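Contents: one structure, followed by commentary.
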Amino acid sequence: MPKNITIFTTNTCAYCSMVKRWLGAKGYQYEEVNLDEHPHRQQEALAISGQLTVPITVVTKHDDSQQVVVGFNLAQLAPAVA
Amino acid sequence: MAEKVWDVIMVGAGPAALSAAIYTTREDLKTLVFEKGAVGGLAAVTDWIDNYPGFPKGVAGLEFADSLWAQAERFGTELELGEVTEIVDEGAHKRLKTTSGDFVTKTVLIATGSDYKKIGVPGEKEFYAHGVHYCATCDGAFYRDKRLVVVGGGNSAVQEAMFLTKFASHIDLLVRGDKFRASDVLQHELEKHKDKITVHFNTTTDEIVGADNKVTKVIGTDKLTGNKIEFETDGVFVFVGLSPNSAFLKNTKIELDEIGFVKTNQHLETSMPGVFAAGDIRSGATMQIASAAGEGATAALMIRQHLEGHTLSPEPSMVSN
């Protein structure tokens, strides 16, 4: 179980819903940063992922290392949170 | 231990699959839906759906998708998030090779839909997600007060261009033909956005140019004059048609048409007995959400007949309620 999971989302992003649905089904807690509600955090999202897209999932491990998964990509997301 | 055998597995979770699942689960058929992307498919990433019957004021794509899933789930549809990589014909049963392991089922509904085509110009691949996008509802929020180019002249291009006016300061809409393929209703709506959207007919998109991971302009050609035109922009959204999500069938003996859509007979059954197809992935589909839902319902009834051991007649038969 990771130390922390943060997801950058928007209101209309279907793939964001899928990431939340998958994490929820697996019992993971996460913090959501909705960029429609917090547009000032867009630069932070861009700096983290290097891409102009959501969802961005930031998985922080217990050693404080981070893994970033862009999009709804189970092949990356599943091992990242394991 | 014996493997669990499903009555039907839907590959894809768009309107066709979920409509079929509502029918099959109401018939007590054990139904599993496989999805590798968004539940609701392309409908879920569409800003607004105005032509689906029963929604007099229209409905947001994501809300529509959530409602479809809630209805399918209410009757017992199960969802597996993962990717099907092959369908193996084992006679009475089909084995699905997936990223979540093998699944065995009596019947399959292929409803993987389609995805937005690429235009295939220089810069498109290099700047993907760095200024080139195919999902306005996902990525539009990054373009507040920025200039955008939207490429395409069909319903999706016009609809999503209008959605992007929520964010962008100005949009150049590049249409290769001399008129829109979009519906008259959408074209009429577009008129209301002419302060923000400039339409350029007869304009090809030739190159997407940028530097330092940022798009700066699109170079096109005015087909009437042959002159090159440059459009200064911060991003490009591409909606130039649909291509079938059938790559996962490359190792499966199911007949596709020349473009890659799945061929079916009049019962929506593919060349592999017990495997059906419905919605955008089906060769000859009309690419409409309402049609996909209707095909899903029809496929469910055909699947039920197949499971009951009925021989499907060569001609379409009446199906009573």
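For the record, the sequence lines run as chains A and B. For the first sequence, our numbering gives the first residue as 253, with consecutive numbering after it. For the second sequence, our numbering gives the first residue as 1400, with consecutive numbering after it. Each residue gets a CB set at the ideal place from its N, CA and C atoms; glycine is no exception. Here the structure is a predicted model, which means the values were calculated and not measured.
What whole-angstrom Cβ distance do residue i and residue j have, given they're in contact under 8 angstroms?
i: Gly1695 of chain B; j: Ala1677 of chain B; result: 5 angstroms
i: Val1635 of chain B; j: Val1548 of chain B; result: 5 angstroms
i: Leu326 of chain A; j: Gly1481 of chain B; result: 6 angstroms
i: Ala1443 of chain B; j: Ala1471 of chain B; result: The pair is not a contact, with the Cβ atoms about 14 angstroms apart (cut-off 8 angstroms).
i: Leu1508 of chain B; j: Val1438 of chain B; result: The pair is not a contact, with the Cβ atoms about 15 angstroms apart (cut-off 8 angstroms).
i: Val1661 of chain B; j: Ile1680 of chain B; result: 5 angstroms
i: Lys1428 of chain B; j: Phe1502 of chain B; result: The residue you asked about is not Lys; residue 1428 of chain B is Leu in the sequence shown. About 15 angstroms; that fails the 8 angstroms criterion.
i: Val285 of chain A; j: Ser301 of chain A; result: Not a contact, Cβ separation roughly 12 angstroms.
i: Gly1609 of chain B; j: Phe1526 of chain B; result: 6 angstroms
i: Lys1493 of chain B; j: Val1674 of chain B; result: 6 angstroms
i: Phe324 of chain A; j: Met270 of chain A; result: 4 angstroms
i: Gly1457 of chain B; j: Trp1468 of chain B; result: Not quite, the Cβ-Cβ distance comes to about 19 angstroms (not below 8 angstroms), so this is no contact.
i: Gly1512 of chain B; j: Gly1440 of chain B; result: 5 angstroms
i: Thr1476 of chain B; j: Ile1702 of chain B; result: About 14 angstroms; that fails the 8 angstroms criterion.
i: Gly1580 of chain B; j: Ala1567 of chain B; result: Reading off the sequence, residue 1580 of chain B comes out as Arg, not Gly. That belief does not hold up - the Cβ atoms of Arg1580 of chain B and Ala1567 of chain B are roughly 22 angstroms apart, past 8 angstroms.
i: Val1404 of chain B; j: Val1483 of chain B; result: No, Val1404 of chain B and Val1483 of chain B are not in contact; Cβ-Cβ is about 16 angstroms, not under 8 angstroms.
i: Glu1485 of chain B; j: Ser1499 of chain B; result: About 13 angstroms separates the two Cβ atoms, so there is no contact after all.
i: Val333 of chain A; j: Gln303 of chain A; result: That pair is no contact at about 20 angstroms.
Under 9 angstroms Cβ-Cβ, which residues of chain B neighbour residue i?
i: Tyr267 of chain A; result: Gly1436, Ala1437, Ala1443, Val1444, Cys1534 and Cys1537
i: Val378 of chain A; result: Given a span of 253 to 334 for chain A in the structure shown, any question on residue 378 of chain A remains unanswerable.
i: Asp288 of chain A; result: Ala1540
i: Gln344 of chain A; result: Any question about residue 344 of chain A goes unanswered here, given that chain A covers just 253 to 334.
Taking the alpha helix (DSSP H) that residue i falls in, what are its first and last residues?
i: Met1671 of chain B; result: Neither: Met1671 of chain B is in no alpha helix (DSSP H) and is coded neither H nor E.
i: Lys272 of chain A; result: Ala266 to Ala277
i: Glu296 of chain A; result: Gln294 to Ser301
i: Tyr1515 of chain B; result: It is not in any alpha helix (DSSP H) - Tyr1515 of chain B instead sits in the beta strand (DSSP E) that spans Ser1513 to Tyr1515.
i: Thr1543 of chain B; result: Thr is not the amino acid found at residue 1543 of chain B; the sequence shown has Arg there. Where Arg1543 of chain B is concerned, there is no enclosing alpha helix (DSSP H), given that its DSSP letter is neither H nor E.
i: Thr1423 of chain B; result: Pro1414 to Arg1425
i: Ser1555 of chain B; result: Asn1554 to Leu1563
i: Leu1572 of chain B; result: Leu1572 of chain B -> not in any alpha helix (DSSP H); beta strand (DSSP E) instead, spanning His1569 to Leu1573.
i: Glu1462 of chain B; result: Gly1460 to Arg1473
Which first and last residues belong to the beta strand (DSSP E) in which residue i is found?
i: Gly1609 of chain B; result: Thr1602 to Ala1610
i: His1492 of chain B; result: His1492 to Thr1497
i: Phe1579 of chain B; result: Unbroken run through Phe1579 of chain B: none, as it is neither H nor E.
i: Met1701 of chain B; result: No beta strand (DSSP E) holds Met1701 of chain B; the alpha helix (DSSP H) holding it covers Ile1688 to Leu1706.
i: Val1404 of chain B; result: Val1404 to Val1410
i: Gly323 of chain A; result: No beta strand (DSSP E) holds Gly323 of chain A; DSSP gives it neither H nor E.
i: Asn256 of chain A; result: Asn256 to Thr261
i: Asp1621 of chain B; result: Lys1613 to Asp1621
i: His1599 of chain B; result: Ile1596 to His1599
i: Asn286 of chain A; result: Glu283 to Asn286
i: Gly1634 of chain B; result: Gly1634 to Val1637
Given a threshold of 16 other Cβ atoms within 10 Å of its Cβ, counted over all protein chains shown, does residue i qualify as buried or as exposed?
i: Gln295 of chain A; result: exposed
i: Ser1719 of chain B; result: Note on Ser1719 of chain B: pLDDT 43, under 50, position unreliable in the model; the coordinate value appears next. By the neighbour-count rule (16 or more Cβ atoms within 10 Å), Ser1719 of chain B is not buried but exposed.
i: His1666 of chain B; result: buried
i: Leu329 of chain A; result: buried
i: Gly1683 of chain B; result: exposed
i: Ala1416 of chain B; result: buried
i: Thr1624 of chain B; result: exposed
i: Ser317 of chain A; result: exposed
i: Asp1577 of chain B; result: exposed
i: Thr1685 of chain B; result: exposed
i: Gln281 of chain A; result: exposed
i: Glu1629 of chain B; result: exposed
i: His1705 of chain B; result: buried
i: Asp1633 of chain B; result: buried
i: Pro1715 of chain B; result: In this prediction, Pro1715 of chain B has a pLDDT of 42, which is less than 50 and means its spatial position is unreliable; nothing more can be read from the coordinates.
i: Asn1644 of chain B; result: buried
i: Thr1597 of chain B; result: exposed
i: Val1584 of chain B; result: exposed
i: Glu1668 of chain B; result: buried
i: Pro331 of chain A; result: exposed
What residues of chain A sit near residue i, judged by a beta carbon separation below 7 angstroms?
i: His1529 of chain B; result: Gln303 and Leu304
Quick one: which chain A residues come within Cβ less than 9 angstroms of residue i?
i: Ala1464 of chain B; result: Ala266 and Ser269
i: Leu1461 of chain B; result: Asn263, Thr264, Cys265, Ala266 and Ser269
i: Leu1480 of chain B; result: Met270, Arg273, Trp274, Ala277, Phe324 and Leu326
Which chain B residues are close to residue i, counting only those with a beta carbon under 8 angstroms from its beta carbon?
i: Pro324 of chain A; result: The sequence shown places Phe at residue 324 of chain A, not Pro. Per Cβ cutoff of 8 angstroms: Gly1436 and Ala1437.
i: Pro291 of chain A; result: Ala1540 and Arg1543
Residue i: beta carbon under 7 angstroms from a heavy atom of the ligand GDP?
i: Asn1650 of chain B; result: Within the structure as shown, the ligand GDP is missing, as the structure has no ligands at all.
Specify whether the stretch 298-315 of chain A and the stretch 258-273 of chain A touch according to this definition: at least 3 beta carbon pairs, one from each stretch, less than 8 angstroms apart.
-> The stretch 298-315 of chain A is in contact with the stretch 258-273 of chain A.
Give a yes or no on contact between the stretch 1534-1543 of chain B and the stretch 1601-1619 of chain B, applying the rule of three or more CB pairs nearer than 8 angstroms.
-> no
For the stretch 1565-1580 of chain B against the stretch 1645-1659 of chain B, are there 3 or more C-beta pairs whose distance is under 8 angstroms?
-> no
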